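S.K.: The structure that follows is given in the form of structure tokens.
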Amino acid sequence: MAIYCVGDIQGCYDELRRLLDMAGFDPAQDELWLTGDLVARGPKSLEVMRFVIGLGARATTVLGNHDLHLLATAAGYAKPKKKDRLTELLEAQDADRLLHWLRMQPLLAEHPTAPLMMTHAGLPPQWDLATARLCAREVEDLLRSDQGNWLLCHMYGNDPARWDPRLAGLPRWRYIINAFTRMRFCTPDGSLDFHSKVSPKQPHPGLIPWFELRQAHEEEPDLIFGHWAALMGQCPVPRVHALDTGCVWGNQLTMWRWDDDAIFSLGCPVYAKGD
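Dropping the structure here:
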């Protein structure tokens, strides 16, 4: 059995299947970990959803910002983005089943035996792993409850930008969602910045990548994340693995095999422009 970890798919179903074949993924024995954003700008979000669900316990994914927006759109609380290609999924006969499954997915996933954990965007500087677990379970439980649609309606917004353990109610839940699914740069005090999406190699005055601010404890598992395509899989921090390499933007789809540190990459056509 091997553990394969792959970056944001964003509806790029054909590329996912080719990359799995290239890497020798065996759905009868191996595990597939996906960093979220299964859907949106690529042409085959419906096929991606059906495929991942069909893997059953062999697949583990986390919620990304595009996944949450799909849920909010399906619930009638958000308008479909013009760049998204979700009509086929939303109108599918099995849409209710697919969306229910998606709503049940976590914000933070931890492997039961391997020292490995995963979120869509990362972990904010002020959180240790215990805080991350607590915050993830809090919002996951709410999304799965009869208040889930209310939260999907009110999750949009950039405030508060800085964590405070005294936060309560909607401000607390919005921060948690943003930290898990939208974070890239932070200011030196750890406040989240939601404007800059460039590579850290480009000018970004007064901003620091979240992973350079966060002090991980030695006993923490390796962390894999996606979301930040401009990183192109480059993260200088040990045991933190960036896997989104911008497949949907015409770059690559990248997969990491945890067992032997092997990297597999596949060039992709351009399906979307902008972010």
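According to the UniProt record's numbering, the sequence shown is numbered sequentially starting from 1.
Just so you know, even glycine gets a beta-carbon here, dropped at the ideal spot from N, CA and C.
None of the values given here were measured: they were computed from a predicted structure.
(1) From the DSSP output, which residues share a beta bridge with histidine 241?
(2) Could you tell me which residues DSSP puts in a beta bridge with alanine 59?
(3) What does the Cβ neighbour count give for valine 48, buried or exposed, with the cut at 16 atoms within 10 Å?
(4) When DSSP labels each residue in this structure, what does valine 6 get in the three-state scheme?
(5) Under DSSP, the beta strand (DSSP E) around tryptophan 150 begins and ends at which residues?
(6) Going by C-alpha to C-alpha distance, which of Pro160, Ala229, Asp260 and Trp258 sits closest to glycine 7?
(7) What's the gap between the Cα of arginine 17 and the Cα of methionine 232?
(8) Could you tell me how far apart the beta carbons of valine 62 and glutamine 105 are, in whole angstroms, since I believe they sit closer than 8 Å?
(9) Should lysine 44 go down as buried or exposed, given a rule of 16 or more other Cβ atoms within 10 Å for buried?
(10) So, using beta-carbon positions, are methionine 117 and leucine 108 closer together than 8 Å?
(11) Starting from tryptophan 163, trace the beta strand (DSSP E) both ways and give me its first and last residue.
(12) Count Cβ pairs between the stretch 61 to 80 and the stretch 12 to 28 that sit closer than 8 Å; are there 3 or more?
(13) Put proline 112 into one of helix, strand or coil per three-state DSSP.
(14) For methionine 1, does the three-state DSSP call read helix, strand or coil?
(15) Can you tell me which of Trp249, Pro221 and Arg182 puts its alpha carbon nearest to the alpha carbon of threonine 130?
(16) Tell me the residue span of the alpha helix (DSSP H) that contains threonine 119.
(17) Put proline 209 into one of helix, strand or coil per three-state DSSP.
(18) Three-state secondary structure (DSSP) at leucine 54?
M.R.: Reading from the atomic positions:
(1) Ile224
(2) Leu32
(3) buried
(4) strand
(5) Segment 148 to 154 is the alpha helix (DSSP H) holding tryptophan 150; no beta strand (DSSP E) there.
(6) Ala229
(7) 20 Å
(8) 6 Å
(9) buried
(10) yes
(11) No beta strand (DSSP E) holds tryptophan 163; DSSP gives it neither H nor E.
(12) no
(13) coil
(14) coil
(15) Looking at the sequence itself, residue 130 is alanine, so the reference to threonine does not match. Minimum Cα distance to alanine 130 is reached at Pro221.
(16) Note, threonine 119: premise wrong, no alpha helix (DSSP H); not H, not E.
(17) strand
(18) Leucine is not the amino acid found at residue 54; the sequence shown has glycine there. Looking at glycine 54 - three-state DSSP - the assignment turns out to be helix.
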